[in-house]
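Enquirer:
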Amino acid sequence: MALILFACVVRVRDGLPLSASTDFHHDRGFEECRRRLWALSAMLAWGPARGSARGRDFSVHFHSCGDVACLGICSSQYPAAMAFCFLEELRWEFTAAYDTVSIGLASRPYAFREFDGVIQKVKWRFNCAPSSHLTDTLEKIQEELDLKPPVVLALDGPEMMNGAASGHCRRPEEPAASIRMKPVSALGILSLVLNIMCAALNLIRGVHLAENSLQEDCEGIGNALAFLISFGACIAQCHLYLFYSPARMPKAALALACVCLCNVSLYGRRNGWQILFHSGVAFLSSYQTLARRQQRDRQPDCGV
67 MALILFACVV
77 RVRDGLPLSA
87 STDFHHDRGF
97 EECRRRLWAL
107 SAMLAWGPAR
117 GSARGRDFSV
127 HFHSCGDVAC
137 LGICSSQYPA
147 AMAFCFLEEL
157 RWEFTAAYDT
167 VSIGLASRPY
177 AFREFDGVIQ
187 KVKWRFNCAP
197 SSHLTDTLEK
207 IQEELDLKPP
217 VVLALDGPEM
227 MNGAASGHCR
237 RPEEPAASIR
247 MKPVSALGIL
257 SLVLNIMCAA
267 LNLIRGVHLA
277 ENSLQEDCEG
287 IGNALAFLIS
297 FGACIAQCHL
307 YLFYSPARMP
317 KAALALACVC
327 LCNVSLYGRR
337 NGWQILFHSG
347 VAFLSSYQTL
357 ARRQQRDRQP
367 DCGV
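Taking the numbering used here, the leading residue of the sequence shown gets 67, the next gets one more, and so forth.
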């Protein structure tokens with residue numbers, strides 16, 4: 067019987083599996099086909115948008131567009147146009163449910179496991195209850211396949227074998243360790259709030275001073291730039307505290323130096339207490355940034 071047996075959604079740039087159907091087929095041929103599917107998913111970043119890998123009993127179809135790609139395992143008798151129609155609908159459902167930011171920030175396999183329910187629903191509709199509304203989509207997919215046929219690979223071909231043998235095969239059952247930041251502390255939240263307040267004050271005074279300088283004279287342009295640079299440094303400190311970034315120590319030191327030097331240069335526009343307050347907030351933010359170090363955390367086994 068011609069059926070869709072397995073489907074998954076992966077991130078194109080690195081092949082990270084985002085969600086997959088929880089199907090259990092105790093068949094050695096199917097397990098080998100799924101192993102080749104993971105090998106194929108790791109090569110999608112430099113591959114074609116559509117393609118198929120055909121074997122004797124099973125076929126793997128994939129469709130990538132933008133940040134995500136959908137892959138499926140079907141029985142060899144299943145029509146390719148229907149398989150690509152299924153993958154297109156699956157991709158549309160996934161991109162409608164999750165935005166680009168959440169997809170890009172996913173750091174562990176199967177971060178969107180709850181999407182399995184949607185996969186099962188769409189798979190059931192194509193396997194058991196194909197409806198008339200699929201006709202238009204199927205005709206469109208068929209026209210696209212006629213104009214630009216998908217790349218056809220062999221499941222036992224050198225491309226698939228080399229991908230699996232060279233370690234390109236991503237095994238979701240053994241997720242790699244990922245880098246996470248330590249939890250945000252109460253003092254860190256305080257430094258973040260104060261930094262945002264200082265950034266707002268710098269922005270307001272910088273814009274106001276720039277407007278006056280352009281209308282009256284250009285003597286205040288330097289002070290306006292000092293306010294705006296200090297604003298940018300405060301925003302940079304907030305970003306460094308909240309998100310992991312390589313070379314955090316030199317970046318934090320640079321942001322701290324910018325805040326301190328700009329405030330010293332603004333003596334006259336600000337009194338000593340104001341300069342001390344802004345510099346103190348910058349020192350506190352830098353300390354919290356360096357104290358909130360990354361921790362290597364091995365993700366739990368969530369393979370399907």
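Every residue gets a Cβ at the ideal spot worked out from N, C-alpha and C, and that includes glycine.
Quick check: the region 259 to 277 against the region 342 to 353, are there 3 or more CB pairs under 8 angstroms?
Expert: Output reads yes: the region 342 to 353 touches the region 259 to 277.
Enquirer: Could you tell me which residues DSSP puts in a beta bridge with Y333?
Expert: The partner list for Y333 (beta bridge, DSSP) reads R336.
Enquirer: With distances taken from CA atoms, which of I295, Q186 and R100 is nearest S331?
Expert: S331 has its Cα closest to that of I295, out of I295, Q186 and R100.
Enquirer: What residues in its chain sit with their C-beta under 6 angstroms from that of V184, if we drop five residues either side in the sequence?
Expert: Hits under 6 angstroms: E159.
Enquirer: Rank C99, V76 and E209 by C-alpha distance to the C-alpha of A147 and give the top, closest one.
Expert: The shortest Cα separation from A147 among C99, V76 and E209 belongs to E209.
Enquirer: Between which two residues does the alpha helix (DSSP H) carrying H305 extend?
Expert: I287 to L308 is the extent of the alpha helix (DSSP H) around H305.
Enquirer: Buried or exposed, going by whether 16 or more other CB atoms sit within 10 Å of the CB of E154?
Expert: Looking at its Cβ environment, which holds 16 or more other Cβ atoms inside 10 Å, E154 is buried.
Enquirer: Report the three-state DSSP secondary structure of R79 (helix, strand or coil).
Expert: Here R79 sits in coil by DSSP.
Enquirer: What is the DSSP secondary structure of E239, counted as helix, strand or coil?
Expert: For E239, the pLDDT reaches just 39, beneath the cut-off of 50, and the residue's location in the model is therefore unreliable, although a value from the coordinates is still provided. It is coil, neither helix nor strand.
Enquirer: Can you tell me the Cα-Cα spacing of S142 and F152, whole angstroms?
Expert: If I take the Cα positions, the gap works out to 15 angstroms.
Enquirer: Of all the alpha helix (DSSP H) runs that stay within the bounds of the region 77 to 163, which reach a length of 4 or more residues?
Expert: As far as the region 77 to 163 is concerned, its whole alpha helix (DSSP H) runs of at least 4 residues are 94 to 107 and 146 to 163.
Enquirer: Within this structure, are the beta carbons of L71 and I169 separated by less than 8 angstroms?
Expert: Result no, Cβ atoms of L71 and I169 do not sit closer than 8 angstroms.
Enquirer: How would you write the range of the alpha helix (DSSP H) that V184 sits in, first residue to last?
Expert: From DSSP, the alpha helix (DSSP H) with V184 extends over D182 to C194.
Enquirer: State the DSSP-derived secondary structure class of A73, mapped to helix, strand or coil.
Expert: If DSSP states are grouped into helix, strand and coil, A73 belongs with the strands.
Enquirer: Using 8 angstroms as the threshold, is the C-beta distance between L84 and F178 below it?
Expert: Yes, they are a contact pair.
Enquirer: May I ask which residues mark the beginning and end of the beta strand (DSSP E) holding V217?
Expert: V217 -> beta strand (DSSP E) spans V217 to A220.
Enquirer: On the CB-based measure, 16 or more other CB atoms within 10 Å of its CB, does N289 come out buried or exposed?
Expert: So N289 counts as buried.
Enquirer: Considering only their Cβ atoms, is the gap separating A172 from R102 smaller than 8 angstroms?
Expert: Their beta carbons are not under 8 angstroms apart, which means R102 does not touch A172 by this criterion.
Enquirer: What residues in its chain sit with their C-beta under 8 angstroms from that of F124, if we drop five residues either side in the sequence?
Expert: Answer for F124: L71, G95, F96, C99, I139, C140, S141, S142 and L221, listed in chain order.
Enquirer: Our contact map puts L258 next to V347 with C-beta atoms below 8 angstroms; I'd like the distance itself, whole angstroms only.
Expert: Not quite, the Cβ-Cβ distance comes to about 10 angstroms (not below 8 angstroms), so this is no contact.
Enquirer: Please report the distance separating the alpha-carbon of P215 from that of R174.
Expert: Each residue's Cα considered, the two are about 34 angstroms apart.
Enquirer: CA-CA distance, L280 and Y176?
Expert: Taking the straight line joining both Cα atoms gives about 55 angstroms.
Enquirer: Can you tell me whether K214 sits near the ligand GTP, meaning its C-beta is under 7 angstroms from at least one heavy atom of the ligand?
Expert: This structure simply doesn't include the ligand GTP, nor any ligand for that matter.
Enquirer: Does DSSP classify S251 as helix, strand or coil?
Expert: It is coil, neither helix nor strand.
Enquirer: So what does DSSP say about K214, is it helix, strand or coil?
Expert: Reduced to three states, the DSSP call for K214 is coil.
Enquirer: Could you compute how far the alpha carbon of K248 sits from the alpha carbon of A108?
Expert: So the alpha carbons of these two residues sit roughly 30 angstroms apart.
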